[in-house]
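Report on one structure; see the data block that follows.
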Amino acid sequence: MDGAVMTALVPRRVIIMGTGGFALELSALLMAAGGVVTGFTGPAPDCALPAPWLGEDHVLADADPESAVLVAAGNPGLRQNLLRTAEGLGRRIASFVHPAAWVAPSAGIGAGSLIYPNSTLHAAVRLGQGVLINSNVTIGHETEIGAFTNLGPGCSLGGRTRLGERVIVGIGATIIERLEICDDAVIGAGAAVIRPLSRPGRWVGVPARWLEQNP
Ligand SMILES: CC(C)(COP(=O)(O)OP(=O)(O)OC[C@H]1O[C@@H](n2cnc3c(N)ncnc32)[C@H](O)[C@@H]1OP(=O)(O)O)[C@@H](O)C(=O)NCCC(=O)NCCS
């Protein structure tokens with residue numbers, strides 16, 4: 003959970019790993035905030051990206067050495083693997099904190115984390131590596147978010163809550179204060195979590211209940 007203290011953080015020059023909608027969205031935010039995207043890596047793009055497609059991820063070994071890397075993959079496990087790949091190729095991993103986010107000076111942000119506009123991280127929040135905080139998210143004081151976890155647009159977390167690694171919190175979900183959420187929990191859009199979640203898998207509804215796996 004170590005990380006630099008920061009408010010806005012816009013990397014000057016980046017290559018984005020990812021060629022889909024997430025990459026499109028992230029590049030638009032970054033460029034509007036003054037960053038330069040020198041290219042994208044991954045599968046051949048299926049949408050119009052605002053910088054060249056450089057090829058599959060292995061091209062990172064030789065691509066522009068001045069560019070740091072941001073990973074645009076919504077699946078937490080994939081994001082974890084891509085960050086490890088980039089590190090293995092000797093790349094510097096960037097983080098992105100949009101200028102319209104508010105991050106308390108006492109908060110800590112792990113490398114490779116992305117924080118979108120209008121999100122608020124209150125005092126002493128801690129983010130692990132590669133965390134995604136989407137737009138309009140609120141995180142209460144001293145809450146800890148494990149590596150590669152996703153917080154969907156508009157979700158709210160109370161203070162002193164602890165989320166594990168690779169957790170997905172859906173659009174508009176709410177998690178009250180002082181709860182423990184285990185690794186790999188998936189919290190559905192609009193859910194209200196009012197008890198600790200000790201079991202990976204899907205949790206939906208108000209209050210959130212575990213959803214059986216499909217047969
Ligand atoms: C929870 C979730 C992962 C389940 O997806 P899934 O495995 O494909 O499940 P299904 O769509 O087959 O739904 C299974 C059952 O759960 C119910 N369900 C699914 N999501 C639900 C939700 N968010 N709240 C309440 N019930 C939900 C369905 O109605 C269905 O019920 P039924 O069997 O009685 O018909 C998904 O619906 C969800 O909420 N994802 C979050 C998406 C999101 O926020 N993305 C962020 C993008 S930035």
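First residue of the sequence shown? That's 3 in this note's numbering, and the numbers climb one at a time after it.
For each residue, glycine too, the CB sits at the ideal point set by N, CA and C.
These figures come from a predicted structure and were not determined experimentally.
Problem set entry | Cβ pair count under 8 angstroms reaching 3, the region 180-193 against the region 146-162 | yes
Problem set entry | C-alpha gap between Glu214 and Val71, whole angstroms | Counting from 1 along the sequence shown, the entry for residue 214 is found at position 212. Counting from 1 along the sequence shown, the entry for residue 71 is found at position 69. Straight-line Cα distance between these residues: approximately 38 angstroms.
For this session: Verify the contact flag: Ile135, CB atom, against every heavy atom of ligand 1, threshold strictly below 7 angstroms.
Result: Start at 1 with the first residue of the sequence shown, and residue 135 comes out as number 133. Remark: the shortest separation between the CB of Ile135 and any heavy atom of ligand 1 does not fall under 7 angstroms.
For this session: Pair every Cβ in the region 194-210 with every Cβ in the region 171-178, then say whether three or more of these pairs are closer than 8 angstroms.
Result: yes
Exercise. Is it true that the region 52-59 meets the region 29-40, where meeting means three or more beta-carbon pairs spaced less than 8 angstroms apart?
Worked result: yes
For this session: Could you check what DSSP says for Arg204 in three-state terms: helix, strand or coil?
Result: Taking the sequence shown and counting its residues from 1, one reaches residue 204 at position 202. In the structure shown, Arg204 sits in a strand (DSSP, three-state: E or B).
Exercise. For ligand 1, is there a heavy atom less than 7 angstroms away from the beta-carbon of Ala191?
Worked result: Residue numbering aside, residue 191 sits at position 189 when the sequence shown is read from its first letter. Yes, the Cβ of Ala191 comes within 7 angstroms of a heavy atom of ligand 1.
Problem set entry | Beta-carbon proximity list for Leu80, same chain, < 8 angstroms, skipping 5 on both sides | The count along the sequence shown starts at 1 and reaches residue 80 at position 78. Result list for Leu80: empty, nothing under 8 angstroms.
For this session: Give a single yes or no on whether Leu116 has its beta carbon closer than 7 angstroms to a heavy atom of ligand 1.
Result: Mapped onto the sequence shown, residue 116 falls at position 114. Checking every heavy atom of ligand 1 against the Cβ of Leu116, none is found closer than 7 angstroms.
For this session: State buried or exposed for Val12, treating a residue as buried only when at least 16 other CB atoms are found within 10 Å of its CB.
Result: Translated into the one-based positions of the sequence shown, residue 12 becomes position 10. The residue in question, Val12, is buried, as its Cβ has 16 or more Cβ neighbours within 10 Å.
Problem set entry | For Ser219, the three-state DSSP class (helix, strand or coil) | For residue 219 there is no data in the structure shown, the boundaries of the chain being 3 and 217.
Problem set entry | Residue burial classification, Val7 (beta-carbon count within 10 angstroms, cutoff 16) | By 1-based counting over the sequence shown, the position of residue 7 is 5. For Val7, the predicted model reports a pLDDT of 43, less than 50, meaning its position is unreliable and no value from the coordinates is stated.
For this session: Please say whether Gly156 and Gly174 have beta carbons closer to each other than 8 angstroms?
Result: Here residue 174 refers to the residue found at position 172 when the sequence shown is read from its first residue. Here residue 156 refers to the residue found at position 154 when the sequence shown is read from its first residue. Taking 8 angstroms as the Cβ cut-off, Gly174 and Gly156 qualify as a contacting pair.
For this session: Could you give the DSSP three-state label for Leu84: helix, strand or coil?
Result: Along the sequence shown, one-based indexing puts residue 84 at 82. The three-state secondary structure of Leu84, taken from DSSP, is helix.
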